[in-house]
Amino acid sequence: MTGSRPERGLRVRRRQDHVLAEFAAMGCPCEILVDTDDESAARELANVVAREAWRVEDKFSRYLPNSVVARINGSRGLPVLVDDETAGLLDFAACLYELSERRFDISCGALRRAWVFDGASRVPDQSLIDAILQTVGWQRLEWRRPSITLRPGMEIDLGGIGKEYAVDRAVALLAAQSSIACLVNFGGDLAVVGARRDTAGWQVGIEAPGSDGRRAHRLVHLGAGAMATSGDSRRYVEVDGRRLGHILDALTGWPVDSAPRSVTVAADTCTQAGSLATLAMLHGPNAENFLLDAGVKFWVVR
Amino acid sequence: MPRQDKTAIAASLASATCSLLGTPAATPVQAQEEPGWDLNTALLYYGENDDRVQDVSLNLQAIRNFVDDRLLTLGLAVDTLTGATPSGAIPFDGPQTFTRPSARSTYTTPPNTIPLDDSFLDTRVAVNASWQQPLGRLYSIGAGLSASNEYDYMHMGANLKLSRDFNKRNTTVSAGLAIAMDDLSPVGGAPIPLSQMLGEDDRSNKTGDQSKDVFDVVVGLTQVINRNLLVQANYSYSNSSGYLNDPYKILSVVDGTSGDPVPAAPVPGEDFPSHLYLYENRPDERTKHSAYGQAKYYLSGKVLDVSYRYMTDDWEIDSHTIDARLRWPMGDRSYLEPHLRYYTQTAADFYRISLVDGEPLPSYASADYRLGEFDAVTVGMKYGWKLASGHEMSVRLEYYMQDGDAPPGQVIGNQALQELYPDLDAIIAQFSYRFGW
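Chains as they are written, first to last, in the working numbering: chain A, 1 to 302; chain B, 303 to 739.
Now the structure itself:
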């Protein structure tokens with residue numbers, strides 16, 4: 001979720017068998033594909049989706065001074081009462097923290113500032129990492145719905161779950177409003193809704209590593225449900241010739257060793273898909289086994 | 303991370319997501335990876351008893367699935383055929399000498415033995431390509447091309463098929479047509495029908511290349527009866543015209559009383575046929591009608607596949623084929639599949655054991671055992687298994703028994719002492735390997 005808020009416009013154009021609407025939100029390109037020839041109907045649905053994406057961004061971006069997250073992060077050790085939606089996200093973050101055995105932690109944003117993932121070999125001092133680990137961690141904050149209390153200097157960041165959540169929200173709004181089939185894609189995390197007119201679903205490409213989105217590694221036919229990807233082949237650091245991806249292990253303060261370059265998971269909801277992909281990443285060399293045992297459809301790029 | 307129950311993780315996540323979003327997912331995920339190429343390879347051995355035909359063939363088939371059920375299929379088959387095949391001449395208690403089709407040499411068969419022409423050696427290469435795709439929501443269209451080449455035969459074919467779904471895709475009606483244009487360049491030339499087999503180097507009764515055209519139409523119906531039963535029925539019409547003879551098949555001319563082959567006019571040397579043999583002649587048109595029914599029954603992992611075909615043609619051949627297979631799973635990764643097939647046909651109206659010396663020549667005559675009356679039974683077993691890589695392998699072993707009789711009214715004199723119909727046993731062995739790519 002980015003600092004400078006880009007122009008909030010919607011670009012709509014007709015494609016061969018659907019209408020495509022594009023906009024920017026949460027620091028990534030977003031799109032909605034609407035299975036109709038009616039451009040104005042598509043624009044109406046795209047507006048619903050874009051407004052929801054922007055609402056989620058406004059509410060949960062830690063960079064926007066009026067957001068709930070900015071308010072929590074600026075609370076200087078005082079309890080903050082949050083609304084139901086925020087509470088839901090915090091509960092979910094707590095669940096992921098437990099399921100990941102403390103490796104996924106929304107309160108370790110400070111670590112992310114210590115690491116610069118630009119492909120170079122810059123590694124922060126271990127003393128810095130240790131110092132940060134002394135001050136952050138979900139176990140050091142107090143969350144009793146609906147009240148959250150951070151220690152001074154602590155910050156939370158819902159970036160790891162907000163985008164997938166926004167996709168699921170958008171899809172739910174679409175389903176309540178129309179039966180037209182749509183695909184909602186926020187920066188590669190996506191979900192579909194409705195049955196398509198002439199085909200069974202949507203074709204989704206999983207990007208080949210290092211191709212900058214130009215080449216599909218695999219094509220997947222998505223008829224229902226969602227897909228999310230964790231990992232980014234362009235964001236890594238080199239350490240002793242080893243390539244460390246940008247997924248940080250909150251227990252060690254280091255990027256996960258031997259993590260796949262990317263993990264894509266298909267699941268009923270985008271939130272589940274994204275969480276499973278992130279948890280798999282944290283399993284490093286055992287990502288595939290984790291996903292096999294979880295019984296989901298996945299694609300791992302190493 | 304210590305091992306946890308990961309299925310439990312997925313379940314916890316699902317319930318946590320449900321609390322977060324307020325509702326469970328409307329529809330369970332349906333994500334299907336587009337397979338790249340699906341490759342089927344098979345090595346097949348077919349071997350007849352008594353050193354008759356042996357065939358080894360290698361088949362490669364590549365199927366590419368595209369989105370929206372579009373399908374490209376490419377096939378390549380290479381096979382090598384060797385061995386001997388009955389020439390049509392009858393056995394008797396003396397040796398017989400024949401001129402080879404090439405007319406370059408002769409060969410002699412011993413007494414009381416079905417004469418086999420052993421000059422078969424052939425390599426055939428066949429290719430095909432087809433494309434199938436939906437046409438709108440309910441129609442599907444497919445088109446294909448095929449070609450094959452061997453030393454004395456070239457085939458070119460094209461086909462088109464259209465189908466339409468009804469009744470929520472539980473019913474499919476289809477219609478297809480196919481044309482084939484085949485060219486024959488028989489070794490040594492195509493003999494003039496019913497002309498006499500001549501001596502070495504004498505090609506005066508041989509003509510040039512020949513051709514034949516085949517036109518097929520098929521209409522079919524596939525019906526899903528319920529979750530366990532699928533039935534299919536079709537009718538097909540096939541018309542062949544042009545050169546329908548087997549240029550290498552002959553008939554013995556026999557004495558009307560003894561039934562023995564009539565010796566050729568005495569010619570000095572060994573480079574002439576010992577007896578009188580005429581090249582066969584078939585009508586230059588053949589029209590077949592056939593009706594086919596199939597049922598596939600699925601029950602707790604097992605699949606029973608039974609089919610029946612009735613065919614009748616204007617050569618007066620009627621045939622019945624019953625085929626049954628049962629796929630029996632053995633664990634998750636392997637299966638056994640017994641196979642049983644029964645086939646029976648009546649003889650063509652111009653099928654003859656021999657021609658009688660002095661009687662007027664019929665317009666058409668053939669002693670090709672494949673046009674006679676016979677029954678055939680195939681029994682087989684297939685074992686298939688899946689590797690950890692997802693690749694599939696199978697081995698199939700089958701035994702084929704063909705048993706025919708000479709038409710009783712045609713057996714003359716000493717012929718009753720001979721085996722006039724060449725029975726046939728064959729072994730079929732196949733190894734297949736299938737993988738995605």
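Ideal Cβ positions, reconstructed from N, Cα and C, are used throughout, including at glycine.
Buried/exposed call for residue i, threshold 16 Cβ in 10 Å
| i | result |
| --- | --- |
| ALA309/A | This structure cannot speak to residue 309/A, because chain A is shown only from 1 to 302. |
| SER668/B | buried |
| GLY3/A | Residue confidence for GLY3/A is low, a pLDDT of 47 falling below 50, so the modelled location carries little weight; the figure read from the coordinates is stated next. Exposed, because fewer than 16 other Cβ atoms sit within 10 Å of the Cβ of GLY3/A. |
| ASP720/B | Residue identity check: residue 720/B is Gln in the sequence provided, not Asp. By the neighbour-count rule (16 or more Cβ atoms within 10 Å), GLN720/B is buried. |
| TRP630/B | exposed |
| TYR671/B | buried |
| ARG305/B | For ARG305/B, the predicted model reports a pLDDT of 46, less than 50, meaning its position is unreliable and no value from the coordinates is stated. |
| MET632/B | exposed |
| MET683/B | exposed |
| GLU155/A | buried |
| SER665/B | exposed |
| LEU111/A | buried |
| ARG302/A | exposed |
| GLN16/A | exposed |
| GLY245/A | buried |
| GLY390/B | buried |
| VAL220/A | buried |
| ARG13/A | exposed |
| THR401/B | buried |
| SER127/A | exposed |
Check whether residue i and residue j have beta carbons under 8 angstroms apart
| i | j | result |
| --- | --- | --- |
| GLY561/B | GLN717/B | yes |
| ALA172/A | THR325/B | yes |
| LEU531/B | ALA597/B | yes |
| ILE392/B | ILE729/B | no |
| VAL331/B | ASP268/A | yes |
| SER100/A | LEU282/A | yes |
| THR614/B | HIS591/B | yes |
| ASP565/B | VAL555/B | It is Pro, not Asp, that sits at residue 565/B in the sequence shown. Not closer than 8 angstroms, so no. |
| GLY88/A | SER321/B | yes |
| GLN525/B | ASN472/B | yes |
| ALA224/A | ALA273/A | no |
| GLY385/B | ASP424/B | no |
| ILE416/B | PRO388/B | yes |
| VAL256/A | LEU276/A | no |
| THR408/B | GLU572/B | yes |
| ASN507/B | PRO488/B | no |
| LEU580/B | LEU496/B | yes |
Residue-chain proximity (residue i, chain A), Cβ-Cβ < 8 angstroms
| i | result |
| --- | --- |
| PRO403/B | no |
| GLN332/B | yes |
| SER314/B | yes |
| PRO425/B | Sequence check: residue 425/B is Thr here, not Pro. No, because no Cβ of chain A sits closer than 8 angstroms to the Cβ of THR425/B. |
| PRO724/B | no |
| THR329/B | yes |
| LEU341/B | no |
| ALA318/B | yes |
| ILE494/B | no |
| THR474/B | no |
| ILE262/B | Because chain B is modelled from 303 through 739, residue 262/B falls outside the range shown and cannot be assessed. |
Test: residue i CB closer than 8 angstroms to a CB of chain B
| i | result |
| --- | --- |
| SER275/A | yes |
| ASP95/A | Note that residue 95/A is Cys in the sequence shown, not Asp. So, interface residue. |
| ARG218/A | yes |
| THR269/A | yes |
| ALA25/A | no |
| GLN306/A | Given that chain A is displayed from residue 1 to residue 302, the structure contains no residue 306/A and the question cannot be resolved. |
Any non-hydrogen atom of the ligand NAP closer than 7 angstroms to residue i Cβ
| i | result |
| --- | --- |
| ALA669/B | As presented, the structure is devoid of all ligands, the ligand NAP included, so that no description of it is given. |
Pick out the complete beta strand (DSSP E) segments inside the segment 231-290 of chain A, 3 residues or longer, and give them in chain order. The segment 231-290 of chain A contains these whole beta strand (DSSP E) runs: 236-239, 242-245, 262-267.
Kindly provide the ranges of any alpha helix (DSSP H) runs that are 4 or more residues long and lie completely inside the segment 653-702 of chain B, ordered along the chain. Listed in chain order, nothing qualifies, since the segment 653-702 of chain B has no complete alpha helix (DSSP H) run of 4 or more residues.
What residues in the segment 157-169 of chain A bring their beta carbon closer than 9 angstroms to a beta carbon of chain B? Residues are counted here when their Cβ sits less than 9 angstroms from a Cβ of chain B; for the segment 157-169 of chain A these are ILE161, TYR165, ASP168, ARG169, given in chain order.
Against chain A: residues of the segment 430-463 of chain B by CB proximity under 8 angstroms: The residues in question are GLY438, ARG439.
Within the segment 110-166 of chain A, ranges of the beta strand (DSSP E) (whole runs, at least 3 residues): The qualifying runs are 142-144, 147-149.
Whole beta strand (DSSP E) elements within the segment 347-380 of chain B, 3-residue minimum: For the segment 347-380 of chain B, whole beta strand (DSSP E) runs of length 3 or above, ordered along the chain, are 356-368.
Residues of the segment 377-388 of chain B with Cβ closer than 7 angstroms to any Cβ of chain A, in chain order: Cβ contacts with chain A: none found.
Using a beta-carbon distance cut-off of less than 8 angstroms, what residues from the segment 624-642 of chain B approach chain A? Result list empty, no residue passes.
Using a Cβ-Cβ cut-off of less than 8 angstroms, list which residues of the segment 134-154 of chain A approach chain B; keep chain order. Result list empty, no residue passes.
Can you give me, in chain order, the residues of the segment 249-261 of chain A that have a beta carbon less than 8 angstroms from any beta carbon in chain B? So nothing in the stretch comes that close.
Starting from the N-terminal side, write out each stretch of the beta strand (DSSP E) that is 3 residues or longer and does not extend beyond the segment 470-541 of chain B. For the segment 470-541 of chain B, whole beta strand (DSSP E) runs of length 3 or above, ordered along the chain, are 473-486, 512-528.
What are the residues of the segment 582-603 of chain B that lie near chain A, defined by any Cβ-Cβ distance shorter than 9 angstroms? Across the segment 582-603 of chain B, no CB contact with chain A closer than 9 angstroms is found for any residue.
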